[in-house]
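Structure, as structure tokens:
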Amino acid sequence: MSTLEQTTTRSEGHRDPWGVKLERVGKHQDREAYRLLFEHFAPQIKYYAIANGIASHAEELVQEVFVSIWRKSSLYDWRKAAASTWIFTIARNQRIDMLRKMQRTSAEISVETEDLWQIPGENEEEPVTALHRLVSERRIRDSLKHLPEEQVTVIAKVYMEHKSHQAVADELNIPLGTVKSRVRLALNKLKVILQDENV
Amino acid sequence: MTQHHPDSFILMEYSAGNLSEPHALCVRLHLEQCPYCRSRVDMLDSLGAVMMESRPKVSVDDSLFDRLLTRIEDEPAQQDPIEVALRGHRDPLRKLLGEDLANLPWKRQLGDVSVLDITDHFPGQPERVVLQKLTPGGKAPAHTHRGTETTVVLQGAYTDNKGLFKQWDFIVMGEEDTHKPIATHDDDCITLSVLSAPLKLTGRLTRLLNPLIR
Ligand SMILES: [Zn+2]
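Given below as structure tokens:
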């Protein structure tokens, strides 16, 4: 048995249930699996839109994200990304796209959003390197529960309200250095910062 | 593999989708060539997913799913594999410029320096975006920054007082930094720089001569 097969077999046991559904959509256009994904992720994406300040377009964003999920589902490979990570990046890109379209003054967009922000796994052949993504998502989910609220708040503002670290500092009326040290502590605890990195 | 990477804060803002388009382009070009940073961004994308999942949920209108089904009715879930393969490998810079770096309409500024301002490709974005080409061994004028200057080396390499910067290295110069890049002798050095605020000249060169100032 090759290393790839072994790893694949081992992780089959933890197979992400949403990833299974997403693959069913991609392979069989399974509308029941699609509906289950919708019921689980649509309310998250709607909140994401509202937090991002586009409440009046929240359901439009949900719809665009799900159309995109439908179109791209055949490219999804559960070995390359957890379903929720994959869907997050689609929601992020659709949000960027929607804002770009709203703010666009000239008709021409020379670079598409997906040229700048890629969906994980779209551009690579090697599932082995990608396998750690599933593990790291699980680890991040487990350790997020143990983070102090002040660290979670800062990260949530960056991810959910598309604020820069500087904007978060301004809003919370704390120095930029404090924001960064909270992020750094959180990333260390989540093991998102690799050990050899000095931020 | 490159030696100079974006820090975790830049990558987090990238993963969150908060960077301006020119800054996102710099990160994207670096990621293309840097498996180390790709894996960091993967983890940050997962952090985004877990964040989204841990926040409140807002119920959607009952009819939304039915409307969605109507909309996708005629859409095959399959995509043309050739189109997908092409898209995976498209080079965003090449697409933006429509030309290879060598064939661009470079404007010669000083003996050693040519520039091309591509700010117009990013309508509505506050930054200035500039390509700069130094001939082998060529010297760029010294300058400091009022804001930040984010640079990706696209070809060749240069040195300054901070070190040696090679192809695909990612460099952020802050307000306090003065530098005077010199291309290495083997090749033209081409860089992409995103300037968040105008530059200040240092040394004897006039404003006119500074390629990074309009
Ligand atoms: Zn890197």
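Chains as they are written, first to last, in the numbering used here: chain A, 1001 to 1199; chain B, -18 to 195.
Don't be surprised by glycine CBs; every beta carbon is placed ideally from N, CA and C.
All values derive from a computational prediction rather than experimental measurement.
Handout entry: chain B contact for residue 1117 (chain A) (CB, 9 Å cutoff)
Key = yes
Problem - Chain-ordered chain B contacts of residue 1043 (chain A) [CB-CB under 8 Å] - result: 38, 39, 40, 41
Practice task
Leaving out five residues on either side along the sequence, give the residues of the same chain with a beta carbon under 7 Å from the beta carbon of residue 1068 (chain A).
Solution key: 1090, 1094
Problem - Chain-ordered chain A contacts of residue 46 (chain B) [CB-CB under 7 Å] - result: 1035, 1038
Problem - Those residues, in chain order, that have a beta-carbon closer than 7 Å to some heavy atom of ligand 1 - result: B:-17, B:-14, B:-13, B:11, B:15, B:17, B:18, B:151
Practice task
Verify the CB distance criterion: does residue 1183 (chain A) have a CB-CB separation below 9 Å to chain B?
Solution key: yes
Problem - In chain order, each alpha helix (DSSP H) run of at least 4 residues that lies wholly inside the region 65 to 133 of chain B - result: 73 to 78
Practice task
Measure the C-alpha to C-alpha separation of residue 81 (chain B) and residue 1084 (chain A) and round it to an integer number of angstroms.
Solution key: 37 Å
Practice task
For residue 52 (chain B), go through chain A and note every residue whose CB falls closer than 8 Å to its CB, in chain order.
Solution key: 1063, 1067
Exercise for the section: Kindly indicate which three-state DSSP category residue 144 (chain B) falls into: helix, strand or coil? Expected result: strand
Problem - Endpoints, the beta strand (DSSP E) within which residue 174 (chain B) is located - result: 170 to 176
Exercise for the section: Please list the partners that residue 1156 (chain A) has in chain B, where partner means a Cβ-to-Cβ separation under 9 Å. Expected result: 32, 35, 36
Problem - Cutoff 9 Å: residue 1160 (chain A) Cβ touching any chain B Cβ - result: yes
Practice task
Could you confirm whether any beta carbon from chain A is found closer than 9 Å to the beta carbon of residue 155 (chain B)?
Solution key: no
Exercise for the section: Taking C-beta pairs closer than 9 Å, name the residues in chain B that residue 1084 (chain A) reaches, listed in chain order. Expected result: 27, 30, 31, 33, 34
Handout entry: Contact set between the region 97 to 110 of chain B and chain A, restricted to residues whose Cβ is under 7 Å from the partner
Key = 102, 104, 105
Handout entry: Whether residue -4 (chain B) touches residue 26 (chain B) by CB criterion (9 Å)
Key = yes
Practice task
Measuring only between beta-carbons, confirm whether residue 1079 (chain A) sits less than 9 Å from chain B.
Solution key: no
Problem - Cutoff 7 Å; reference residue 1061 (chain A); Cβ partners in own chain excluding five residues on either side - result: 1045, 1049, 1054, 1094, 1095, 1098
Exercise for the section: With a 10 Å radius around its C-beta and 16 neighbouring C-beta atoms as the bar for buried, classify residue 172 (chain B) as buried or exposed. Expected result: buried
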